[in-house]
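From first to last, the protein sequence lines stand for chains A and W.
Plus 33 on top of the position in the first sequence (first one is 1) and you've got the working numbering.
Plus 33 on top of the position in the second sequence (first one is 1) and you've got the working numbering.
Think of the CB as a built atom: it goes at the ideal place given N, C-alpha and C, for glycine as much as any other residue.
There are 2 protein chains.
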Amino acid sequence: MTKYEKRIYEIVNQSSSHMTVEQIYQILKADFPSVVLATVYNNLNKLYRDRLINKISVEGLPDRYDRIVKHDHIVCRNCGKLTDIQFDDLTDTLKKQFGTDFLFYDLKVFYVCPDCRKKLGADKSDHRHTNRMD
Amino acid sequence: MTKYEKRIYEIVNQSSSHMTVEQIYQILKADFPSVVLATVYNNLNKLYRDRLINKISVEGLPDRYDRIVKHDHIVCRNCGKLTDIQFDDLTDTLKKQFGTDFLFYDLKVFYVCPDCRKKLGADKSDHRHTNRMD
DNA sequence: ATCCAATATTAGAATTATTCTAAAATTATT
DNA sequence: AATAATTTTAGAATAATTCTAATATTGGAT
């Protein structure tokens, strides 16, 4: 592991996780001012390939990186804020249904976070960014 | 509804759905050779905003569009092929857990499709595109 | 320690997906 | 028909990401 890879791994594993490439780049620059964005991409891709970190993709938002811990995510449809949640493990059920070629699953729950609820007021009709109501 | 919007809506609702912007654009050009890519984006965004179609985002793959029907998706981690699946409805459980601000959820199941399984052979160690094993 | 090979980093170009802008065209309204 | 509103167009602009080729660094083997 190179110094960059090591530091990037640390950053992603910090509590204030769920960071974008750009955010990781900014933090890394504090330690290594000469580092280049491509290096961040290279190392994130490598860490991700080697399954040392996770990548979280939400439609309409830039990808974020996460430490490897079994949990799902809840995403505010208004502001995009992403929070870890603990929900029933569906692995066994899915394995039963989809057989041995099942790999893993990705569950994202969409809601309006408390902050946005306040801002939006009692009116629950604002779903500007909502994409799927079924 | 303009002719473009109407036709794009039709295309997305066809059986061979799950199409990318580019694929939709190509089909639309068969009917309207002079149409421009921006028009496809405009209309897809409009249809999506108005919730007449769904958008499917999978990490590493271009967005695809889908008709509005309640179902989840299973995605081959090797070739990206996307197929509709019917899985237990989690809405009630999620509502109970996350309250009235719950909007909807997104469940994607990742696996190796039969075609890729054949190609990859009995060796189940190839997970080139796998991103999350937890 | 020195040389070599392998790997990583850099800078910048290239690509891809998408949005934006302002003008032109189309459609709807009075 | 005149006006207003909306849509389309062309192309520029942006954002995210990958690629390329040169350079630098690192880790063995001698």
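- In the displayed model, F120/W falls within coil according to three-state DSSP, outside both helix and strand.
- The residue from T124/W, R100/W, F135/W, V91/W with its alpha-carbon nearest to that of D83/W is R100/W.
- For K151/A, the uninterrupted alpha helix (DSSP H) segment begins and ends at 147-153.
- The Cβ of S90/A sits closer than 7 Å to at least one Cβ of chain W.
- Contacts with chain A at 7 Å (Cβ-Cβ) include L140/W.
- The way I'd put it, the region 92-107 of chain W doesn't touch the region 58-69 of chain W; fewer than three beta-carbon pairs between them come closer than 8 Å.
- Residues of chain A with a Cβ closer than 8 Å to the Cβ of I107/W are, in chain order, F131.
- Between the region 125-136 of chain A and the region 141-156 of chain W, the count of C-beta pairs closer than 8 Å reaches three or more; the two stretches touch.
- Boundaries of the beta strand (DSSP E) harbouring L136/W: 135-144, taken from the DSSP string.
- Here N76/W is buried, its C-beta having at least 16 other C-beta atoms within 10 Å.
- Within chain A, the residues placing a beta-carbon under 8 Å from that of V145/W are D134, L136, ordered along the chain.
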